[in-house]
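Q: In this text, residue positions in the sequence shown follow the UniProt record's numbering: the first is 1, and each later residue adds one. The beta carbon of each residue, even a glycine, is placed where N, CA and C say it ideally should be. This is the structure I want to talk about, given as structure tokens.
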Amino acid sequence: MDYLVNHLKFHSVAEFFHEYLQQIPRGSSTEFDDAHRASLLAFLQGRAKVKPVDIVQRIFDHRYSFPSSRSKNTNEERSKSYSPSLSPQDISYARCSLSTWATQLVGDRAYRDMYNLTHPSIDSGGETPNISVRLLASSNGRTRAKSAQIVTKNDLLSFSIADQVIFFKHRAPLLWYLTECMAVLRNTERKHRPPHIVQVAALSSFSMARNQYANGYWAMQNGIWHIACQSHVDVRRIDCHKGGSVHNTTARKALETIANDSLNQLRQDIQNGLNASEMRYRWVLDNIQQYLKVWEGGVGRDSRLVTGCAATAIRLEDVAPGAFDLDDHIQRILKNKSAELTTHMLWSSIDWAHISGVSSLLRNTYSKHRMREGRKSTVVPLGTNSEREIETEGMKRAIHDFLEQSGLHPECGSEFIAWVAGDGGSVLAMDRAKRYLAQHYDPDDPESDFNILHNVLPTIGIWHMQATSQNTIAENHYGPIATNDPSSLSRSASCANFKRPANFKDCGNYYPLHRSMSTFWNAQILDCWQ
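Structure (structure tokens):
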């Protein structure tokens with residue numbers, strides 16, 4: 001040290017180190033000694049015994065690098081630590097200066113990472129989930145950025161918090177670490193709420209604050225979720241201002257775009273099936289109602305019950321060719337072979353070996369909580385109408401509306417069966433409408449079969465059959481409210497703190513009743529095993 005300061009005429013070791021670390025331009029081999037170049041290269045590349053970070057840590061942790069409590073203007077000097085605005089060169093103490101420099105360096109990196117999140121231009125190469133950052137609610141024909149795409153149904157169905165976590169960890173590890181420092185408690189296992197959800201929501205809000213079109217991380221899905229939950233308009237506005245969701249108008253346009261896209265795909269699929277003489281979809285309809293209450297009275301403002309009819313088109317899988325041929329169906333009805341059907345004939349027609357194999361397969365797959373790999377039912381919601389489907393004319397107009405929405409032309413009414421399901425009242429209304437309209441058949445009109453619902457095959461929905469069967473079983477076995485009979489379900493409900501249904505005819509109790517009866521059954525099985 002004395003040699004550096006006294007003989008080499010450096011005022012301090014810092015000046016020597018500053019000269020030692022000066023930038024060596026390319027092609028300047030004659031201006032710098034080879035030993036200097038080699039030693040500097042080894043030091044900065046971490047091949048020396050002392051690493052650069054060791055020197056920085058020694059400076060930062062040294063007791064002389066921070067103002068002492070006995071120094072003048074101690075609080076003022078300490079307040080300069082971790083400053084986002086002060087220049088590190090203007091701060092005297094080393095620790096305060098280094099902390100400010102590190103803070104601004106991390107801030108610049110975080111700013112650049114946020115820019116990359118709002119303007120994605122790096123191909124992940126399959127390392128991260130494919131997430132569309134910019135989702136457009138509608139297409140107006142103008143030029144769009146390469147990273148933007150029209151919102152689709154898959155963007156909602158494939159949304160996963162786990163995928164978002166992987167995406168942010170890979171694309172912006174520094175931002176994820178900073179939000180983790182804020183959301184996760186150290187040295188404790190206590191968690192008030194899942195921190196990764198909070199981090200994803202925060203980073204999504206930050207992206208929306210920088211760029212209103214960066215809505216694919218969370219905002220677009222959250223805006224549609226508000227509409228599905230019928231959130232209050234003030235809740236939607238506040239969440240939009242916070243960057244948590246898109247505007248209500250944008251969310252509604254997105255839903256309209258998704259609905260139109262789904263209908264177009266449905267019509268195309270049905271048309272392809274008709275060209276191949278196949279009926280690939282069935283329909284399930286039911287009445288809907290909503291009570292609109294007026295909270296502030298006024299002239300002409302009354303609370304009212306809004307009624308209508310809704311339907312969904314469900315894709316059929318593994319359908320045999322010609323299964324929905326209307327002529328073949330009519331010919332089989334005219335043969336009336338069902339009159340000769342007996343129980344013994346049904347028994348002999350069952351392949352019990354196949355049933356046993358399928359049952360074993362179902363038990364194995366049920367233990368894994370899944371059925372066939374990759375098999376998911378395709379369900380397309382159709383536009384709701386205001387018809388009263390319990391009435392004859394209302395049912396006729398409702399079915400015609402749903403079939404026309406699906407792209408089933410009237411000319412197909414004499415060729416293919418339209419399988420329509422519903423609850424008991426809906427099936428009765430369809431049968432009544434078919435009997436009434438049969439009197440208006442016109443043989444000269446090629447659309448007459450479609451107009452009189454001749455090709456409609458009404459059946460009771462599976463869910464309604466299950467609900468009716470479950471309510472019947474519960475009504476027969478629940479017994480009185482207060483009983484000591486251990487075989488009574490009311491007794492089991494009292495022991496397990498389940499609520500006894502007040503009305504066994506109400507389908508609204510389906511899921512609570514199903515859960516309670518399943519729990520009672522499992523408990524009885526375990527008791528038998530014991």
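1) Note down the Cα distance separating ALA110 from SER87, rounded to an integer number of angstroms.
2) How is LYS368 classed by DSSP in three states: helix, strand or coil?
3) Relative to the alpha-carbon of GLY479, which residue among GLN466, ALA493, GLU180 has its alpha-carbon at the smallest distance?
4) Only counting the same chain, and skipping five residues up and downstream in sequence, which positions put a Cβ closer than 7 Å to that of TYR3?
5) Please list, in chain order, all residues of the same chain as LYS368 whose beta carbon is under 8 Å from its beta carbon, the five residues on each side excluded.
6) Rounded to the nearest angstrom, what separates LYS51 and ALA38 at their Cα positions?
7) Thinking C-alpha only, which one of LEU44, ARG134, GLU76 is nearest TYR213?
8) Excluding the 5 residues flanking GLY424 on each side, which residues of the same chain have their C-beta closer than 7 Å to its C-beta?
9) Express the C-alpha separation of GLU447 and PRO410 in angstroms, rounding to a whole number.
10) Within 10 Å of its beta-carbon, does LYS337 have 16 or more other beta-carbons around it, so buried, or fewer, so exposed?
11) Whose C-beta lies closer than 6 Å to the C-beta of residue 600 among residues of the same chain, with five residues either side of it excluded?
12) What residues match up with LEU457 in a beta bridge as DSSP calls it?
13) Quick one: residues in its chain with C-beta nearer than 8 Å to the C-beta of LEU513, no 5 flanking neighbours on either side, listed in chain order?
14) So the beta strand (DSSP E) THR152 belongs to, where does it begin and stop?
15) Go to PRO52, then tell me how far its alpha helix (DSSP H) extends in each direction, as first and last residue.
16) Just list the residues that DSSP pairs ASN287 with in beta bridges.
17) Would you kindly work out how many angstroms separate the C-alpha atoms of ILE91 and MET182, rounded to a whole number?
18) Exposed or buried, what is PRO458 when buried is set at 16 or more other beta-carbons lying within 10 Å of its beta-carbon?
19) Who are the near neighbours of TYR93 in its chain, counting only those whose CB is closer than 7 Å to its CB and skipping five residues on each side?
20) What number of angstroms, rounded off, separates the C-alpha of ALA421 from the C-alpha of ALA201?
21) Comparing C-alpha positions only, which one of TRP176, ILE462, TYR281, SER518 sits nearest to THR378?
22) Suppose the cutoff is 7 Å on Cβ atoms and the five residues either side in sequence are ignored; what does the same chain contact list for ARG432 look like?
23) At what residues does the beta strand (DSSP E) containing ARG134 begin and finish?
24) Give me, in chain order, the residues of the same chain whose beta-carbon lies closer than 6 Å to that of ILE350; leave out the 5 immediate sequence neighbours on both sides.
25) Nearest CA to the CA of GLU19: which residue from ARG26, HIS36, THR128, HIS7?
26) Can you give the Cα-Cα distance for LYS376 and ALA438, rounded to whole angstroms?
27) Could you tell me whether the Cβ atoms of ILE131 and GLY216 are closer together than 8 Å?
28) Rounded to a whole number of angstroms, what is the C-alpha to C-alpha distance between residue 536 and GLU389?
29) Out of ARG63, SER97, LYS253, point me to the one whose CA is closest to SER79's CA.
30) What is the rounded straight-line gap between the Cα of VAL306 and the Cα of ASN287?
31) Taking just the CA atoms, how far does ASN211 sit from VAL198?
32) Among GLY298, GLU296, SER245, MET395, whose alpha-carbon lies nearest the alpha-carbon of ASN222?
33) Are LEU266 and ALA398 closer than 8 Å when you measure CB to CB?
34) For LEU292, which three-state DSSP category applies?
35) How should TRP419 be labelled, buried or exposed, when 16 other C-beta atoms within 10 angstroms of its C-beta is the threshold for buried?
36) Look at ILE417 and MET279 and say whether their C-beta atoms are less than 8 Å apart.
A: The short version:
1) Approximately 19 Å between the Cα atoms of the pair.
2) Reliability fails at LYS368, whose pLDDT of 45 lies under 50, so the model's placement of it is uncertain and no value is given.
3) ALA493
4) none
5) Here LYS368 scores only 45 on pLDDT, less than 50, and its place in the model is too uncertain to base an answer on.
6) 15 Å
7) ARG134
8) These residues qualify, in order along the chain: ILE460, HIS464.
9) For PRO410 and GLU447, the distance between alpha carbons rounds to 5 Å.
10) exposed
11) No answer is possible for residue 600: it lies beyond the span of the chain, which begins at 1 and ends at 530.
12) TRP419
13) GLN470, ASN471, ALA474, PRO501
14) Here THR152 belongs to no beta strand (DSSP E), and DSSP marks it neither H nor E.
15) Run containing PRO52: 52-61, per the alpha helix (DSSP H) assignment.
16) CYS309
17) 28 Å
18) buried
19) SER65, PHE66, PRO67, GLU77
20) 41 Å
21) Of the candidates TRP176, ILE462, TYR281, SER518, the one whose C-alpha sits nearest the C-alpha of THR378 is TYR281.
22) So the qualifying residues of the chain are THR392.
23) 134-136
24) none
25) HIS36
26) 38 Å
27) Taking 8 Å as the Cβ cut-off, ILE131 and GLY216 qualify as a contacting pair.
28) Missing from the structure shown is residue 536; the chain here goes from 1 to 530 and no further.
29) SER97
30) 11 Å
31) Across the structure, VAL198 and ASN211 are spaced so that their CA atoms are roughly 20 Å apart.
32) SER245
33) no
34) strand
35) buried
36) yes
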